[in-house]
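Here the protein sequences come in this chain order: X and G.
So for the first sequence, the working numbering puts the first residue at 247; every next one is plus one.
So for the second sequence, the working numbering puts the first residue at 247; every next one is plus one.
There are 2 protein chains.
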Amino acid sequence: MPVNIPPIADLAPIAGIELGAARAHIRNPERKDLLAIRLAEGAQVAGVFTRNRFCAAPVTVARRHLDAGLGVRALLVNSGCANAGTGEDGIARAIQTCTALAEHLGCLSQQVLPFSTGVIMEPLPVERVIAALPACIQNLKEDNWLAAAEAIMTTDTVPKAVSRRLRLDGAEVRITGIAKGAGMIHPRMATMLAFIATDASVSRAVLDRLVSDACRRSFNRVSVDGDTSTNDAFILMATGCGEASVTEDGPEYAIFARALIEVTGELAQAIVRDGEGATKFITVEVEGGGSEGECEQVGFAIARSPLVKTAFFASDPNLGRLLAAIGNAEIEDLDVASVQLYLNELLVAEAGGRSPGYDEAKAREAMAGQEIKVRVALGRGGASATVWTCDLSYEYVKINAEYRT
Amino acid sequence: MPVNIPPIADLAPIAGIELGAARAHIRNPERKDLLAIRLAEGAQVAGVFTRNRFCAAPVTVARRHLDAGLGVRALLVNSGCANAGTGEDGIARAIQTCTALAEHLGCLSQQVLPFSTGVIMEPLPVERVIAALPACIQNLKEDNWLAAAEAIMTTDTVPKAVSRRLRLDGAEVRITGIAKGAGMIHPRMATMLAFIATDASVSRAVLDRLVSDACRRSFNRVSVDGDTSTNDAFILMATGCGEASVTEDGPEYAIFARALIEVTGELAQAIVRDGEGATKFITVEVEGGGSEGECEQVGFAIARSPLVKTAFFASDPNLGRLLAAIGNAEIEDLDVASVQLYLNELLVAEAGGRSPGYDEAKAREAMAGQEIKVRVALGRGGASATVWTCDLSYEYVKINAEYRT
Numbered sequence: 247m248p249v250n251i252p253p254i255a256d257l258a259p260i261a262g263i264e265l266g267a268a269r270a271h272i273r274n275p276e277r278k279d280l281l282a283i284r285l286a287e288g289a290q291v292a293g294v295f296t297r298n299r300f301c302a303a304p305v306t307v308a309r310r311h312l313d314a315g316l317g318v319r320a321l322l323v324n325s326g327c328a329n330a331g332t333g334e335d336g337i338a339r340a341i342q343t344c345t346a347l348a349e350h351l352g353c354l355s356q357q358v359l360p361f362s363t364g365v366i367m368e369p370l371p372v373e374r375v376i377a378a379l380p381a382c383i384q385n386l387k388e389d390n391w392l393a394a395a396e397a398i399m400t401t402d403t404v405p406k407a408v409s410r411r412l413r414l415d416g417a418e419v420r421i422t423g424i425a426k427g428a429g430m431i432h433p434r435m436a437t438m439l440a441f442i443a444t445d446a447s448v449s450r451a452v453l454d455r456l457v458s459d460a461c462r463r464s465f466n467r468v469s470v471d472g473d474t475s476t477n478d479a480f481i482l483m484a485t486g487c488g489e490a491s492v493t494e495d496g497p498e499y500a501i502f503a504r505a506l507i508e509v510t511g512e513l514a515q516a517i518v519r520d521g522e523g524a525t526k527f528i529t530v531e532v533e534g535g536g537s538e539g540e541c542e543q544v545g546f547a548i549a550r551s552p553l554v555k556t557a558f559f560a561s562d563p564n565l566g567r568l569l570a571a572i573g574n575a576e577i578e579d580l581d582v583a584s585v586q587l588y589l590n591e592l593l594v595a596e597a598g599g600r601s602p603g604y605d606e607a608k609a610r611e612a613m614a615g616q617e618i619k620v621r622v623a624l625g626r627g628g629a630s631a632t633v634w635t636c637d638l639s640y641e642y643v644k645i646n647a648e649y650r651t
Numbered sequence: 247m248p249v250n251i252p253p254i255a256d257l258a259p260i261a262g263i264e265l266g267a268a269r270a271h272i273r274n275p276e277r278k279d280l281l282a283i284r285l286a287e288g289a290q291v292a293g294v295f296t297r298n299r300f301c302a303a304p305v306t307v308a309r310r311h312l313d314a315g316l317g318v319r320a321l322l323v324n325s326g327c328a329n330a331g332t333g334e335d336g337i338a339r340a341i342q343t344c345t346a347l348a349e350h351l352g353c354l355s356q357q358v359l360p361f362s363t364g365v366i367m368e369p370l371p372v373e374r375v376i377a378a379l380p381a382c383i384q385n386l387k388e389d390n391w392l393a394a395a396e397a398i399m400t401t402d403t404v405p406k407a408v409s410r411r412l413r414l415d416g417a418e419v420r421i422t423g424i425a426k427g428a429g430m431i432h433p434r435m436a437t438m439l440a441f442i443a444t445d446a447s448v449s450r451a452v453l454d455r456l457v458s459d460a461c462r463r464s465f466n467r468v469s470v471d472g473d474t475s476t477n478d479a480f481i482l483m484a485t486g487c488g489e490a491s492v493t494e495d496g497p498e499y500a501i502f503a504r505a506l507i508e509v510t511g512e513l514a515q516a517i518v519r520d521g522e523g524a525t526k527f528i529t530v531e532v533e534g535g536g537s538e539g540e541c542e543q544v545g546f547a548i549a550r551s552p553l554v555k556t557a558f559f560a561s562d563p564n565l566g567r568l569l570a571a572i573g574n575a576e577i578e579d580l581d582v583a584s585v586q587l588y589l590n591e592l593l594v595a596e597a598g599g600r601s602p603g604y605d606e607a608k609a610r611e612a613m614a615g616q617e618i619k620v621r622v623a624l625g626r627g628g629a630s631a632t633v634w635t636c637d638l639s640y641e642y643v644k645i646n647a648e649y650r651t
């Protein structure tokens, strides 16, 4: 059961983006597992990809096609099979699916970006993907974001989609996006898969900056289990079919960037809230750091620690494990006497030990909630960073002992 | 249930080392939880300690006393309370126990090294420790290593002790050691606690080198859960009461160092075999690396991955998770096409994907064993490293959700 994911409401269609889903019977015949996204001519696309050295074949091909600079006319996404750890044959299969979709849409194979998520090291059943393309194309429509979010799910228990409308210089701008991911979630890139579109007109250079800024503060700030997937990708599309445009030196940039980070942040948090076996959602706020980087280090030392995560699961205010995790963040000159630790608004540790006013009953109450905030004041400077994570439960072990990713 | 820990046999007493254990009723009144070790005058002592910034009070005091250079006449170890996250008060309490033992033994407080393991952030019950000292001292004898190993246990299910006899230049030399630790186990120093003694005569400088070499290849090569404790320490004592001596430039150095690494290696492996919730013991051999360091990186990327560890638990030959972990080892220029992956002696992946001769039934058989060897050939050079780990089971979550460390 996901932890307090807000209901999906009002997914604004994006002019210039059509989405179509179909059943390709890749793994689960019961649901749609293939998604095509068609982009209007002239749409700009930017993306960030996994840095895992064993990156999946579709990641290699998508990156190559994006770099070719011929423009992007379509995305093709399948769930159920990751086409990862499949060597040269996997690359060939990913390209075959691009070519087939390109033929249907009348564009070049290099104008299609492929994405896959699901079981690793199984060959992609190309013939089934190709056979389902006509149904996908027939299903293409602008008002299809929810179906798209459902088609890319794997161990996700709910679809993840977020939308924002904002005004830039008097014109309405829309941002709508979907994401999937529940396990193998750790930064060093995006989440598993996220596709976000806007109808604003944005140059590729500005889009590159937006995608990296937004990723850094959202998808790169979550951890479910500390594992980085072979297939992670976050794609941002700007169709330019709306009236507004975003340039780097205009005042619209900051407004648009903020709205985009709201969308990516909500999607990133939804992934953690739907984390495998999660029963609690934990926000780790680290402040008073010498740099944003060291605040992230502390945040992740907490978010990655199995001992901290099992304590959250048990609603146990095990301050020692939290302090030990902070001490493991590899900040060589950290003065532990200056560190303050809060559970929600409760000061629980300071001066290297338990706070004099510490109240076990209140701390236990804070740990019992489904939403827990851990705040660490490092007392070293003015930088801060927030990281989101979930607890580690029996269910996580069960899901991952049973599901072959 | 620990995984195949060899029975403890023939723990050779070390001339110049007496051990005494008693019940101090720190946490569990049912068993001895206080250990004093008395060293003959002139014994040399070296140690490595946790690098966790929130290191425990006894670690701070032990390091300080060791650095004082006044010689070490005794060690005092308690289980049940870690005296960590206890600020200045914790330091004062650790010193109080040293002073009390020093008075009994007629030595200086600075000649006593304190060690604690158990629950974090609870004040050390100094009065109970001090009250139990006479019983400890009365119990002091050379032939007491097993009782000592039992007295330092926390979540350990079995005591850990290893002994070796070897001959150096015609004279018999003995090495005997004990260790404790089952969770919060990850390198960047020693295991939780290990105390090893020899009757050889070894200078402090040579002892320093021996302790760091042995630690690097044993206690620093194991991971249960990726967490580094606040209390880790590995102490090596050389009484010089035997006939042999070890000098850095003599041929005895290599012989002695090899025997010491056998002892520390067996203790380190015993800790993993007794890892919290462990049902399998996994040896990760990484070879063909450009450096020993990058081989360790790959080994730990595998040993730390919760997804890999749950797959071991499930006996699932999930090669994708293994490849993904290798890809996450942050070796920037790793050519995944050159990597070969073996389960036991079975070649299962090569050229970026599954091996052509892959046989799922055989791979499943390999994963079903209690002892699994993962071998990774990087194809980049001649360096190698071995890391030991265990699987991640329901039981790990249960133990850590219930026990407040």
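We treat Cβ as the ideally placed atom computed from N, Cα and C, and that holds for glycine.
Where does the unbroken alpha helix (DSSP H) through cysteine 344 (chain X) begin, and where does it stop?
333-351
Rounded to the nearest angstrom, what separates tyrosine 642 (chain X) and serine 551 (chain X) at their Cα positions?
Each residue's Cα considered, the two are about 14 Å apart.
According to DSSP, simplified to helix, strand and coil, what is methionine 247 (chain G)?
coil
Leaving out five residues before and five after alanine 647 (chain G) in sequence, what residues of the same chain have Cβ atoms less than 6 Å from its Cβ?
So the list is empty, once near-sequence residues are dropped.
Less than 8 Å between the beta carbons of alanine 397 (chain X) and alanine 267 (chain X), yes or no?
Using a Cβ distance threshold of 8 Å, alanine 397 (chain X) and alanine 267 (chain X) count as a contacting pair.
Compare the Cα-Cα distances from asparagine 564 (chain X) to each of X:Asp579, X:Ile548, X:Ile366 and X:Gly625 and report the closest residue.
X:Ile548
Going by C-alpha to C-alpha distance, which of G:Gln616, G:Gly603, G:Ala609 and G:Ala440 sits closest to threonine 525 (chain G)?
G:Gln616
State the CB to CB distance for the pair leucine 351 (chain X) and arginine 310 (chain X), rounded to an integer number of angstroms; the pair is presumed to be in contact (CB under 8 Å).
19 Å between Cβ atoms; not a contact.
Rounded to the nearest angstrom, how far is the Cβ of leucine 446 (chain X) from that of valine 419 (chain X), given a contact under 8 Å?
The displayed chain sequence assigns alanine, not leucine, to residue 446 (chain X). Indeed, because the Cβ distance is near 5 Å, the residues count as touching under 8 Å.
Candidates X:Leu589, X:Glu533 and X:Leu624: which alpha carbon is nearest alanine 652 (chain X)'s?
Nothing can be reported for residue 652 (chain X): it is not among the residues displayed for chain X, which extend from 247 to 651.
Please confirm whether isoleucine 652 (chain X) has its beta-carbon closer than 8 Å to some beta-carbon of chain G.
This structure gives no information on residue 652 (chain X), because the portion of chain X shown stretches from 247 to 651.
Excluding five sequence neighbours on each side, which residues of the same chain lie with their C-beta closer than 7 Å to the C-beta of alanine 289 (chain G)?
Gly262, Val318, Met483, Ala484, Thr485 and Gly486
If the cut is a Cβ gap below 8 Å, which residues of chain G does leucine 580 (chain X) touch?
Below the 8 Å Cβ cutoff, chain G contributes Arg299 as neighbours of leucine 580 (chain X), in chain order.
Less than 8 Å between the C-beta atoms of isoleucine 251 (chain X) and valine 404 (chain X), yes or no?
yes
Which residues, taken in chain order from the stretch 632-651 of chain G, show a beta carbon closer than 8 Å to some beta carbon of chain X?
Leu638, Ser639, Tyr640, Tyr642, Val643, Lys644, Asn646, Ala647, Glu648, Arg650 and Thr651
Are valine 594 (chain X) and valine 530 (chain X) touching if we call contact CB-CB under 8 Å?
no
Whole angstroms is fine: what's the gap from alanine 314 (chain X)'s alpha carbon to alanine 417 (chain X)'s?
33 Å
According to DSSP, simplified to helix, strand and coil, what is threonine 651 (chain G)?
For threonine 651 (chain G), the predicted structure reports a pLDDT of 49, less than 50, and the residue's modelled location is therefore unreliable. The matter cannot be settled from this model.
Locate the alpha helix (DSSP H) running through glycine 566 (chain G), then write down its first and last residues.
565-573
Name, going along the chain, the residues of the stretch 360-377 of chain X whose beta-carbon falls closer than 8 Å to a beta-carbon of chain G.
Val365, Ile366 and Met367
Once DSSP output is grouped into helix, strand and coil, what is the label at cysteine 636 (chain G)?
strand
Short of 9 Å Cβ to Cβ, which residues in the stretch 321-332 of chain G face chain X?
Ala328, Ala330, Gly331 and Thr332
Could you check if glutamine 357 (chain G) is buried or exposed, using at least 16 other CB atoms within 10 Å of its CB as the buried criterion?
buried
Would you kindly work out how many angstroms separate the C-alpha atoms of asparagine 466 (chain X) and valine 408 (chain X), rounded to a whole number?
Looking at the two C-alpha atoms, the distance is approximately 18 Å.
Please name the residue, chosen from G:Asn390, G:Lys426, G:Leu392 and G:Leu412, that lies closest to aspartate 402 (chain G) on a Cα-to-Cα basis.
G:Lys426
Could you pull the DSSP bridge partners for methionine 483 (chain G) from this structure?
Beta-bridge pairing links methionine 483 (chain G) to G:Val291 and G:Ala443.
Thinking C-alpha only, which one of X:Ile376, X:Cys344 and X:Gly488 is nearest alanine 270 (chain X)?
Answer by Cα proximity: X:Ile376.
What are the complete alpha helix (DSSP H) segments, minimum 4 residues, inside the stretch 291-319 of chain G?
303-314
Reducing DSSP to helix, strand and coil, say where tyrosine 642 (chain X) ends up.
helix
Listing by chain order, which chain X residues have their CB less than 8 Å from the CB of phenylalanine 559 (chain G)?
For phenylalanine 559 (chain G), the neighbours in chain X by C-beta distance under 8 Å run, in chain order, Val643 and Ala647.
Taking C-alpha atoms, which residue in G:Leu569, G:Arg626 and G:Asp581 lies nearest to valine 620 (chain G)?
The alpha carbon of valine 620 (chain G) has as its nearest neighbour, out of G:Leu569, G:Arg626 and G:Asp581, the alpha carbon of G:Leu569.
So, under 8 Å CB-CB, serine 464 (chain G) and glycine 536 (chain G) are touching, yes? Tell me the CB distance rounded to an integer number of Å.
Contact between serine 464 (chain G) and glycine 536 (chain G) fails: their C-beta atoms lie close to 23 Å from each other, not under 8 Å.
So is alanine 255 (chain X) buried or exposed if we call it buried at 16+ other beta carbons inside 10 Å?
exposed
Out of X:Arg273, X:Ala340 and X:Tyr640, which has the shortest C-alpha to C-alpha gap to glycine 523 (chain G)?
X:Tyr640
Ends of the alpha helix (DSSP H) at glutamine 384 (chain X)?
372-384
So is glycine 545 (chain X) buried or exposed if we call it buried at 16+ other beta carbons inside 10 Å?
buried
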